[in-house]
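Under our numbering, residues 4 to 207 are what the sequence shown spells out, in order.
Just so it is clear, CB atoms sit at the ideal spot from N, CA and C, and this is done for glycine as well.
Accompanying notes for the structure given below.
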Amino acid sequence: MSIQSYAEGIKYEVIDSNSAVEVILSEIKRMTHLVEGLLYLSLLDAIEENYNYSSLNLNDLLNSYLQRMSLLAQNKNINIAINISSNTIIVNGDEEKLSRAIGNILSNCIRYAVRVVMIQLKTTDNNIVSISISDDGPGFKDYELANIFERFYNVKNGNFGLGLSISKNIIEKLNGKISAKNSASGALFVIELPIKNGSVTKLK
């Protein structure tokens, strides 16, 4: 409706074309992200969707993705603090999909953070690795937590309510768990994944 209104405004010369074009381009970008998210969800739901499993060095995967996200964080004056074990942690998963799942959570925290996003990686005694991603933003309302991973559930200042749903879908298909809660300083997401064959190697 927004695109149509501004396009008609240009056609009938009732609004400034330059400002109208900016709005139209912005709305097209939003629609593109929405369609891409819907298509990706439909692929994840499809029985024939393939997961390309391999042994993933979770430390390297996180560090690589953090490098790609650093510019976004800098543009928002957000500092990403990292507390990653020096041990090499191996999980069995699909690199592209796991990167997307973690990236969706990280992007969400950067969007709401005031100054800092914290990422922690640690293992438990039952061969589970826990990835905690938190921010120092306003956190969740109590009524939001029950629906935060539902499709199209959109919190204040959110996008389309698809990113967190995609993350949940991927993590669960990788035999993991994902949860969200409020910490003492803001929102906290926790991703738990099984370690491949209990594989945790100490670096020399």
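Please report the Cβ distance between residue i and residue j, rounded to the nearest whole angstrom; I am assuming they are in contact, meaning their Cβ atoms lie under 8 Å.
i, j, result
"GLY96", "TYR68", "Contact flag wrong, Cβ pair sits at about 13 Å."
"ILE151", "PHE143", "7 Å"
"ASN107", "SER182", "Not quite, the Cβ-Cβ distance comes to about 15 Å (not below 8 Å), so this is no contact."
"SER110", "SER186", "Their Cβ separation, rounded to whole angstroms, is 18 Å, which puts SER110 and SER186 out of contact at 8 Å."
"ASN168", "GLU153", "According to the sequence shown, residue 168 is Ser rather than Asn. At roughly 6 Å, the Cβ-Cβ gap stays under 8 Å, so SER168 and GLU153 are in contact."
"GLU98", "LEU64", "7 Å"
With DSSP collapsed to three states, give me the class of residue i.
i, result
"LEU196", "strand"
"LYS144", "coil"
"SER182", "strand"
"LEU167", "helix"
"ALA190", "strand"
"LEU124", "strand"
"VAL26", "helix"
"ILE31", "helix"
"SER13", "The sequence given here places Ile at residue 13; Ser does not occur at that position. If DSSP states are grouped into helix, strand and coil, ILE13 belongs with the helices."
"LYS207", "Reliability of the predicted coordinates at LYS207 is poor, the pLDDT of 36 falling under 50, and the value obtained from them is presented with this limitation in mind. Three-state result, LYS207: coil."
"ILE18", "coil"
"ILE151", "coil"
Output yes or no for whether 9 Å exceeds the beta carbon distance between residue i and residue j.
i, j, result
"ALA149", "VAL120", "no"
"VAL132", "GLU195", "yes"
"LEU59", "SER88", "no"
"LYS184", "LEU191", "yes"
"ASN62", "THR91", "yes"
"ILE174", "LYS180", "yes"
"ASP139", "SER102", "no"
"ILE122", "ASN78", "no"
"ILE198", "ILE93", "yes"
"ALA23", "ILE31", "no"
"ILE113", "ALA76", "yes"
Can you tell me whether residue i sits near the ligand FMN, meaning its C-beta is under 8 Å from at least one heavy atom of the ligand?
i, result
"ASP139", "For the structure depicted, the ligand FMN is absent and the ligand set is empty, with no information on it obtainable."
Could you tell me which uninterrupted alpha helix (DSSP H) segments, each at least 4 residues in length, are contained entirely in the segment 57-107, listed from first to last along the chain? 61-78
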